[in-house]
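Since the structure comes first, as structure tokens, the remarks are kept for the end.
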Amino acid sequence: MNMIFLGAPGAGKGTQAEVVCKELNIPAISTGNMLREAVKNGTAAGLAAKEYMDRGDLVPDEVVIGILKDRIAMDDAKNGFILDGFPRTVPQAEALEKMGVRIDKVIEIDVPDEAITKRMSGRRVCEGCGNSYHIEFKPTKVEGVCDACGAKVVQRADDKPETVLARLATYHEKTAPLKDFYQSKGKLVTVSGQNGIEETSRLTLAAIKG
Ligand code: AMP
Numbered sequence: 001m002n003m004i005f006l007g008a009p010g011a012g013k014g015t016q017a018e019v020v021c022k023e024l025n026i027p028a029i030s031t032g033n034m035l036r037e038a039v040k041n042g043t044a045a046g047l048a049a050k051e052y053m054d055r056g057d058l059v060p061d062e063v064v065i066g067i068l069k070d071r072i073a074m075d076d077a078k079n080g081f082i083l084d085g086f087p088r089t090v091p092q093a094e095a096l097e098k099m100g101v102r103i104d105k106v107i108e109i110d111v112p113d114e115a116i117t118k119r120m121s122g123r124r125v126c127e128g129c130g131n132s133y134h135i136e137f138k139p140t141k142v143e144g145v146c147d148a149c150g151a152k153v154v155q156r157a158d159d160k161p162e163t164v165l166a167r168l169a170t171y172h173e174k175t176a177p178l179k180d181f182y183q184s185k186g187k188l189v190t191v192s193g194q195n196g197i198e199e200t201s202r203l204t205l206a207a208i209k210g
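Sequence positions in the sequence shown follow my numbering and run 1 to 210.
Okay, here's the thing in structure tokens:
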């Protein structure tokens, strides 16, 4: 099954993708994680992406589409995948169609902006494997250390309050139109992301299986 997780930054796409990919044994593909890795490694894509990410803007479509195309061509994505953070614009969604990628379901995790801005200050990410944490809602077992890989867990530079507001504005302007795009194709299912991680996982799995 090929799925897209759609939602505002901080809605819980990454957290739910981690849960669902274990349950269904398919990879979660996060363009944000891949871009952060590219920035860290100083690759050409990373250099092209950094200034946009720092401002809370979207990285140009051609950069992200190239990265995504290479990733979904890999062997582990043959039996399905979850896209977390892609597509983020209508041209990206059209690029997926042009690549011949079939999308079975689009799960929108819906959280109002007020709740997002409150959540973001506690959000943390693993520098090594990209796993997501939250100091209140999903703490690591050992403070500052990733449960999965043991690397350092840090706050993302783009989770500062000013950048979060810019990212939310970008989401409403450029990404939210994808709801209509996939609704018109009968693929969109919306779940509430407001009732805690476990309840959101239950709703998400029910939406996938239903
Ligand atoms: P995320 O981890 O999904 O919140 O992504 C972090 C940042 O990476 C975003 O604010 C964008 O600057 C960039 N990014 C991630 N995915 C995409 C995408 N599909 N298109 C454009 N920019 C992206």
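The C-beta atom is built at its ideal place from N, Cα and C for all residues, glycine as well.
Candidates the options: which alpha carbon is nearest residue i's?
i	options	result
glycine 210	Thr190, Gly196, Asp147	Thr190
valine 101	Lys40, Thr175, Ala73, Ser192	Ala73
valine 159	Ala17, Ile116, Cys21, Arg88	The question names valine, but residue 159 is aspartate in the sequence shown. For the residues Ala17, Ile116, Cys21, Arg88, the minimum Cα distance to aspartate 159 belongs to Ile116.
glycine 193	Asn2, Gln16, Leu165, Leu47	Gln16
leucine 168	His134, Lys118, Lys22, Lys50	Lys118
lysine 179	Lys141, Thr163, Ile109	Ile109
cysteine 126	Pro161, Met34, Pro87	Met34
lysine 185	Asp70, Leu68, Glu94	Glu94
threonine 175	Pro87, Asp113, Cys149, Lys78	Pro87
lysine 22	Glu173, Asn195, Thr163, Ala148	Ala148
leucine 96	Asp76, Pro60, Lys69, Ala77	Lys69
proline 60	Asp113, Asp76, Gly32	Gly32
asparagine 195	Lys187, Val164, Val111, Leu165	Val111
Could you tell me if the beta carbon of residue i falls within a distance shorter than 8 Å of some heavy atom in the ligand AMP?
i	result
proline 9	yes
asparagine 33	yes
lysine 13	yes
tyrosine 52	yes
glutamine 92	yes
alanine 157	no
leucine 6	no
aspartate 84	yes
proline 87	yes
aspartate 70	no
serine 121	no
valine 101	no
serine 184	no
leucine 165	no
phenylalanine 56	For the sequence presented, residue 56 should be read as glycine rather than phenylalanine. Within the cutoff, so yes.
valine 59	yes
serine 192	no
alanine 49	yes
Can you tell me which residues form a DSSP beta bridge with residue i?
i	result
serine 132	Val125
aspartate 84	Phe5, Ser30
isoleucine 107	Phe5, Val189
lysine 152	Val145
lysine 209	None, per the DSSP bridge assignment.
lysine 138	His134
Going by the CB atoms, is the gap between residue j and residue i shorter than 9 Å?
i	j	result
proline 90	proline 177	Reading the sequence as shown, one finds valine at residue 90 and not proline. Yes. Within cutoff.
isoleucine 197	phenylalanine 137	yes
isoleucine 103	asparagine 2	yes
glycine 14	glycine 130	yes
serine 132	glutamate 18	yes
proline 161	methionine 99	no
lysine 152	valine 142	no
tyrosine 182	isoleucine 4	yes
lysine 50	lysine 105	no
* Asked: When the Cβ atoms of the segment 22 to 30 are set against those of the segment 74 to 85, are three or more pairs found closer than 8 Å?
  -> With the cut-off at 8 Å, the segment 22 to 30 and the segment 74 to 85 touch.
* Asked: Would you call the segment 1 to 18 and the segment 61 to 68 in contact, with 3 or more CB pairs under 8 Å?
  -> Touching, no, given that fewer than three Cβ pairs across the two stretches are closer than 8 Å.
* Asked: At a cut of 8 Å, does the segment 53 to 60 reach the segment 152 to 170 through at least three beta carbon pairs?
  -> Touching, yes.
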